[in-house]
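Position in the sequence shown counted from 1, then plus 36, gives you my numbering.
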Amino acid sequence: MSTAHYDVNGNIAVIRLDNPPVNGLGLELRRGIVNGIQQAEADDAVKAVVLIGSDRAFSGGADISEFGSPKAFAEPNLNTVVNYVESSRKPVIAAISGACMGGGLELALGCHYRIAKPDAQIALPEVKLGLLPGAGGTQRLPRVIGAEHAVNMIVSGSVVPAKQFKGSALFDEIIDGELLDAAIAYATKVVSENLPLKKVRDLKAKHPNPEGFFMFTSNTVGAMAKNYPAPLKCVEAVKAAVTMPFDKGMEVEREAFVNLMQTPESRALRHAFFSERLTSKIADVPSDTPTRDIKSIGVIGGGTMGTGISINFLNAGIPVTLVEMKQEGLDRGVEAIRKVYEGRVKKGRMSEDDAKAKMALVKPSLSYDDLKDADLVIEAVFEEMGVKQSVFEKLDEVCKPGAILASNTSTLDVNKIASFTKRPEDVIGLHFFSPANIMKLLEVVRGEKTAKDVLATAMKLAKTIKKTAVVSGVCDGFIGNRMINQYQREALLMLEEGASVQQIDKAIEKFGFAMGPLRMADLAGGDIGWAIRKRQYEENPDMVKMVLADRICEMGRYGQKTGAGFYRYEPGNRNALHDPEVDKVVDEVRAELGIKPRKISNQEIVERCVYALVNEGAQILDEGIAQRASDIDMVYLTGYGFPVFRGGPMHYAEEVGLPNVVRAMQAFTEDRHTQPGFWEPAALLAKRAEEGKGFDAK
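Written out as structure tokens, the structure reads:
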């Protein structure tokens, strides 16, 4: 149970925060701090109090395990705790190392004195959850570091080392030695010199030109924040610290905090925050499942994906054997990796020595035999089952027992791939997203025979290479590509029905996507989607063909790579330009299909594209391909550019109201141009809408 340990050292009481891993300020810990202050005040022998955490954290802020529960705001709430500390009749000294963030920093600001290790991490990151500090952070921080620095910290939520504030009123001393000893020595000094009970609230928050500064800052932040209300509210709260008495400023902060808690943007950001932590929890794979040691990696394929995948492991200090079939391809792959590191050196993001050290971890090879000692091998070869078969049969032959064999396939059957080996339990899908060294998402595809320790190892490795790993079952396209296929189909059908290329993309981008569906198709390469469609046409003869998209590809217009797709592109420029040639093709296809173009609203474009994602997501959930709706949201937030402030497709549908989603889908069934049965609500969606519950309800 989280608690605060109370001890007395001479005439100094020590309250040690103890709620691993980051001393989250849960209810029991809050009670422990208040009880400690009361105990110290009642003991005449105690002259001062030291508040200290662990080496890892003074306090990382609120206890996330209590979010959404009555405990989060139960008394003593954080404001009450800060008030107890600040109003203590005996001096309270905060001794800070490790993380001092959010409520942890607000607690420290309530203390009369603060000492810190130079590398302590200082931050008020609440804006990242669509909130602002709610226990005096916006009022006290400007009083100790100035309005300008406070705005920058609070609006960005960025972490700053304590040493950067040396000489400011934030810290009374920066110390390098043993923290507790230094804190007791400092507390003894405060007592012996009879130093006053300094309260941050009594300081004046100053700026030489507050009116001009806050006008400029509001305009700048407002323009940058766009769909996020919290940053502007942060500015307004800091302005109150400068222009109002402390208690009035606290009222402004409190009102803003309560209002922001109710915004859909904050709900979406908090949903994303917790969803990311849930992805690693797998129902039938306990957290203490033993994992396999991964000390060396093999990557087959020196193309864009293979080199990007390799860089992830090189960044983590794990040696990579890169295998290609021809020297020319191998040289090209190694050079591509080198260029990435050279680019980082030029931008000052990496030293030349570090870049050389990373390159020294690459072993180029033209032989599968060099993979015999690899702990994990990932193939990133052409997306065709025959090619995968030859690769996995060879890996089965050369790799050591216990080596994990992974496919980077984006759509193909991992169970079938596993069947090409005599060890299907060692086979897993690791679907990286391009560019693989940048994109955060990793779909971990669990085959029907994948061993639990292999799955646990993959999830652990994802953290090592700083990826958000989401587990998917086996189906065509897994979670992400299976859903995006339906999203793209609706966009293409609306293009045939009467919308323009530009209208479709602008409507989706205004909704908040980083890129519209047709621009995205051009970026990914039209030939990839075309190859998938041709396979699907063969497998499902009744499938409505995407005539327009196929025609564009038949013309050799594959997008950016060919300089023309749904848009045209100038050499060396990725800007998507309107192309009258596409308008001509659109008119021809409409005439061939007997379609009389109609006016399509932006609302219809957004609803059809997004609800296509939602319906397919509900089907994926029902089939058990995804563990939970929030996992689907994380796939789309981290891999497909879904607007974070909307929380992902499944969360967004719940915000809209599942009955409203179903009602809109029923209206879309009247469109005779779409695939028969396409807009039939998935069984789970229909059930949850009728029950008035969310997707993950029991």
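All C-beta atoms, glycine included, are put in the ideal place defined by N, C-alpha and C.
Nothing here was measured: the structure is a model prediction, and the numbers come from that model.
Around the beta carbon of Thr504, a 10 Å sphere encloses 16 or more other beta carbons of the protein chains shown; the residue is thus reported as buried.
Ranked by how close their Cα comes to the Cα of Leu167, the residues Val195, Gly138, Gln363 and Arg179 have Gly138 in first place.
Closest in C-alpha terms to Lys242, from the list Pro281, Tyr264 and Ile211, comes Pro281. For Leu350, the three-state secondary structure derived from DSSP is helix.
Val359 is positioned such that its CB atom lies no closer than 8 Å to that of Phe349. Using a Cβ distance threshold of 8 Å, Glu484 and Leu448 do not count as a contacting pair. Just measuring C-alpha positions, the residue of Ala93, Leu143 and Phe94 sitting nearest Leu114 is Leu143. The DSSP-derived three-state label of Asn188 is helix.
The Cβ atoms of Phe309 and Leu477 do not sit closer than 8 Å to each other. Residue nearest to Asp155 within the set Leu141, Gln175, Glu533 and Ile210 is Ile210 (criterion: CA-CA distance). Counting only the Cα atoms, Pro161 lies some 18 Å from Ala277.
If you look at Asp43, you'll find it isn't in any alpha helix (DSSP H); it sits in the beta strand (DSSP E) that goes Thr39 to Asn45. The residue among Pro712, Phe714, Tyr688 and Met701 with its C-alpha nearest the C-alpha of Ala304 is Tyr688. Taking a C-beta distance under 8 Å as the contact criterion, Gly660 and Pro685 do not qualify as a contact pair. Between Ser508 and the set Ala665, Ala186 and Cys270, the nearest pair of CA atoms involves Ala665. Considering only Arg150, Val195 and Gly170, the residue with the shortest C-alpha distance to Val180 is Arg150. With contacts defined by Cβ atoms closer than 8 Å, Asn444 and Phe428 do not form a contacting pair.
Leu466 sits close to Ala494, with the two beta carbons spaced by under 8 Å.
If you look at Tyr404, you'll find it isn't in any beta strand (DSSP E); DSSP assigns it neither H nor E. Cβ-Cβ distances below 7 Å link Ile345 to Val335, Ile414, Ala416, Asn444, Phe468 and Ala472 in the same chain, with the five nearest sequence neighbours on each side left out; the list follows chain order. Straight-line spacing of the CA atoms in Ala130 and Val163 works out to 24 Å. Taking 8 Å as the cut-off, the beta carbon of Ala183 is found closer than this to the beta carbon of Phe249.
About 6 Å separates the beta carbons of Arg682 and Gly548, which is inside the 8 Å limit, making them a contact pair. In this structure, Leu531 and Val622 form a Cβ contact; the two beta carbons are roughly 6 Å apart against a cut-off of 8 Å. Assignment of beta-bridge partners to Pro197 by DSSP yields Gln157. Residue pairing by DSSP puts Glu479 in a beta bridge opposite His467 and Val506. Taking a contact to require three or more Cβ pairs closer than 8 Å, the stretch 93-110 and the stretch 60-67 qualify as touching. With 16 or more other CB atoms across the displayed protein chains lying within 10 angstroms of its CB, Ser311 is buried. Asp91 places its beta carbon less than 8 Å from that of Ser133. Arg644 is bridged by DSSP to nothing; it lacks a bridge partner. Taking 8 Å as the cut-off, the Cβ atoms of Ile333 and Ile347 do not count as close. Comparing alpha carbon positions, the residue from Val370, Ala40 and Leu412 closest to Ser95 is Ala40. The alpha-carbon separation between Val698 and Thr674 amounts to approximately 26 Å. DSSP lists Thr39 as the bridge partner or partners of Asp54. Taking all protein chains in view, the Cβ of His148 is crowded by 16 or more other Cβ atoms within 10 Å, so the residue is classified as buried. Put simply, the backbone Cα of Gly337 is about 59 Å away from that of Gly285.
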